[in-house]
Amino acid sequence: MLSKTFYAGGTFSGQDQVPTMTDSRSQNAAPVHGIGMEPWEDKPIDILGVDIVFFQGASYLNYSFAGNSFTPDVMRWFGQGNPITAGRSFAFPGKSEDPPHIDCHVSGQAGQNFQLFYTVYYNV
Numbered sequence: 005m006l007s008k009t010f011y012a013g014g015t016f017s018g019q020d021q022v023p024t025m026t027d028s029r030s031q032n033a034a035p036v037h038g039i040g041m042e043p044w045e046d047k048p049i050d051i052l053g054v055d056i057v058f059f060q061g062a063s064y065l066n067y068s069f070a071g072n073s074f075t076p077d078v079m080r081w082f083g084q085g086n087p088i089t090a091g092r093s094f095a096f097p098g099k100s101e102d103p104p105h106i107d108c109h110v111s112g113q114a115g116q117n118f119q120l121f122y123t124v125y126y127n128v
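Following our numbering, the numbering of the sequence shown begins with 5 at its first residue and continues without gaps.
What follows is the structure, encoded as structure tokens:
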């Protein structure tokens, strides 16, 4: 099993928002579609789990979830258990010309800052 961790931060708007995420090498910081993280592996992956950890702003949070535009959108709600049962996964393709994305939706009290880590656990 492999993992990849992304970082996102910003200010809650009071509405649903999808913050820009970047990895430790600032890769995928400006994806083609301007939203979420595009495939980083050359081959398709099987996403086995996702963790969202807020280290600022969690007390102002209305909700947050890990999304996937390639397979059923919600992979995990923040604060809930991993919905991916043993032997199952979320599909995500490898790099392509018109890639889908994974993302993190957040909503919280307007004007409050937030920072989070978003870790994807997967097999290639």
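No residue lacks a Cβ here, since even glycine has one placed at the ideal position from N, Cα and C.
First and last residue of the uninterrupted beta strand (DSSP E) at residue i
i: Lys8; result: Leu6 to Thr15
i: Asp46; result: It is not in any beta strand (DSSP E) - Asp46 carries neither H nor E in the DSSP assignment.
Which of helix, strand or coil DSSP assigns to residue i
i: Asp20; result: coil
Sheet register partners of residue i (DSSP bridge)
i: Asp55; result: Thr123
is_contact[residue i, chain C] using C-beta, thresh 7 Å
i: Gly112; result: No chain C appears in this structure, which consists of one protein chain only.
Completely contained alpha helix (DSSP H) runs for the region 60-127, where each covers 4 or more residues: The region 60-127 contains no whole alpha helix (DSSP H) run of 4 or more residues.
Counting beta carbon pairs with one atom in the region 65-73 and one in the region 97-114, are three or more of them shorter than 8 Å? Flag = yes, the region 97-114 and the region 65-73 touch.
Are three or more beta carbon pairs between the region 84-97 and the region 46-56 nearer than 8 Å?
The region 84-97 vs the region 46-56: in contact.
| query | Do three or more CB pairs link the region 112-119 to the region 57-68 at distances below 8 Å? | reply | In short, these stretches touch, since the Cβ pair count reaches three.
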